[in-house]
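Below is one structure, written out as C-alpha cells; comments come after it.
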Amino acid sequence: MNTILEVFQNAGVFEIIIFGLLINFGIYLCSLGLYSVLDYFPNKQTLGDRQPILRSDIVLSLITVLCNTLVFILGVYLWKFGLIKLNQESSFLKIMLEVLSLTLVMDLLMYVFHRSVHFLRHFKQFHERHHEHESTNLLSLFVLHPIESIGFGLMMLGVLLFFPFSAIGISFYLILNSLWGTIGHLNYSILPESWLRLAKKGYLCTSEFHYLHHQNPGYNFGFYTSIWDLIFKTIHPSFIRKQ
Ligand SMILES: [Zn+2]
Ligand SMILES: [Zn+2]
Numbered sequence: 000m001n002t003i004l005e006v007f008q009n010a011g012v013f014e015i016i017i018f019g020l021l022i023n024f025g026i027y028l029c030s031l032g033l034y035s036v037l038d039y040f041p042n043k044q045t046l047g048d049r050q051p052i053l054r055s056d057i058v059l060s061l062i063t064v065l066c067n068t069l070v071f072i073l074g075v076y077l078w079k080f081g082l083i084k085l086n087q088e089s090s091f092l093k094i095m096l097e098v099l100s101l102t103l104v105m106d107l108l109m110y111v112f113h114r115s116v117h118f119l120r121h122f123k124q125f126h127e128r129h130h131e132h133e134s135t136n137l138l139s140l141f142v143l144h145p146i147e148s149i150g151f152g153l154m155m156l157g158v159l160l161f162f163p164f165s166a167i168g169i170s171f172y173l174i175l176n177s178l179w180g181t182i183g184h185l186n187y188s189i190l191p192e193s194w195l196r197l198a199k200k201g202y203l204c205t206s207e208f209h210y211l212h213h214q215n216p217g218y219n220f221g222f223y224t225s226i227w228d229l230i231f232k233t234i235h236p237s238f239i240r241k242q
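Residue numbers (numbering that gives the first Met the number 0): 0 to 242.
What follows is the structure, given as C-alpha cells:
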C-alpha cells in the first residue's frame, strides 16, 4: 500500500484523474458483475418485481461514477496538501477496528443524511430520482442525483479530515460499502431464513430491509445497520414482526 501511496504522491493531475476513473469504473463494474452473478443464486427468494432499466438510468449511473471520481480526486489532493492524514501503522487488528469504526460513524451520518433528504423540502428533490425506482435493479445503487453522490463523498472526506485512518482501512471500508450497497439493492433475498434471522438480530441491513425502503420511503433509512431506525422508530413494522 505504501508503494501505491508513493505513486499517488508523485503523480500529476492527469495520472490522478486516470487512476480515479479506473478505480471508480472498477467498483461500478464489480457491483454490476456481483449483482448479475447473484441473479443465478439457486435458492433466492424474490422480494418483488425488478425495476425496468431505462436509458436515463444508465446515463445517470455513469454520471455517479464521474461524481465519485471527482470526490476521489479531491480526497487525493486533500491528502497531498496534508489536510487528510493517513495512519501509517497497520496491524490486522488495527485495520479491522478502523473498518468497524469508520462503518459505524458513516452509518450514523448516512442515517441523518438519508432521513434529511426525505424530510427537508429543499433536499427532497435530490433524492427523488433514486426513489423513481419503486423496486430495484442492478443500477439502482448508482441512480443518484449528482448532488447526492457528491454529498455522500464529502461526508466521508469530512470524517477523514478529523480522524486519521490507514489507506488500507479506507479501501476495505469502500469495498464493504459497495458490497453492502449492491446487496441492499437486490430485489431478492439470497440468505437462508436462519441466516436472515441472525442478520436481523445483529441489526444488519439486508436486501429486504432496503427493498422495503424503496416500497415504503417513510421507513428504513439505515444503510449498514438498522440500529438508528430502531432507536428513532423508523423501522418498517413488517421487518420487526419477522425478527
Ligand atoms: Zn436505494
Ligand atoms: Zn430514500
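All residues carry an ideal CB built from backbone N, CA and C; glycine is no exception.
Host alpha helix (DSSP H) of residue i (start-end)
i	result
G221	Segment: none, G221 is in no alpha helix (DSSP H) and carries neither H nor E.
Q50	Taken as a continuous stretch (DSSP letters only), Q50 belongs to no alpha helix (DSSP H), as it is neither H nor E.
S115	F91 to F118
L31	V12 to L37
T233	Element bounds for T233: n/a, residue is neither H nor E.
Secondary structure of residue i, DSSP reduced to three states
i	result
N134	Note on residue identity: the sequence assigns Ser, not Asn, to residue 134. In the structure shown, S134 sits in coil (DSSP, three-state: anything other than H, G, I, E or B).
L203	strand
T68	helix
Y210	helix
Q124	helix
S177	helix
Q8	helix
S170	helix
S60	helix
S188	strand
L82	coil
Below-9 Å beta-carbon distance, residue i vs any chain D residue
i	result
L65	Within the model displayed, chain D is absent; a lone protein chain is all it includes.
Touching by the beta-carbon criterion (3+ pairs, under 8 Å), the stretch 126-141 and the stretch 36-51: Between the stretch 126-141 and the stretch 36-51, the count of C-beta pairs closer than 8 Å reaches three or more; the two stretches touch.
Alpha helix (DSSP H) runs contained entirely in the stretch 139-166, provided each spans 4 or more residues: Segments of the alpha helix (DSSP H) lying fully in the stretch 139-166: 145-161.
Environment of ligand 1 in chain order, Cβ to heavy atom below 6 Å: The answer, residue by residue, is H129, S139, H184, H209 and H213.
Touching by the beta-carbon criterion (3+ pairs, under 8 Å), the stretch 222-232 and the stretch 52-64: No, because fewer than three Cβ pairs between the stretch 222-232 and the stretch 52-64 fall closer than 8 Å, the two stretches do not touch.
Three CB pairs or more closer than 8 Å across the stretch 12-21 and the stretch 99-107: With the cut-off at 8 Å, the stretch 12-21 and the stretch 99-107 do not touch.
Cβ pair count under 8 Å reaching 3, the stretch 190-201 against the stretch 121-131: The stretch 190-201 makes no contact with the stretch 121-131: fewer than 3 CB pairs, one atom from each, lie closer than 8 Å.
Given 8 Å, three or more beta-carbon pairs between the stretch 199-219 and the stretch 167-176: They do not touch, by the three-pair rule.
The stretch 158-166 touching the stretch 83-102, judged by at least three CB pairs closer than 8 Å: A contact exists between the stretch 158-166 and the stretch 83-102.
At least three beta-carbon pairs within less than 8 Å, the stretch 141-152 to the stretch 64-71: Yes, they touch.
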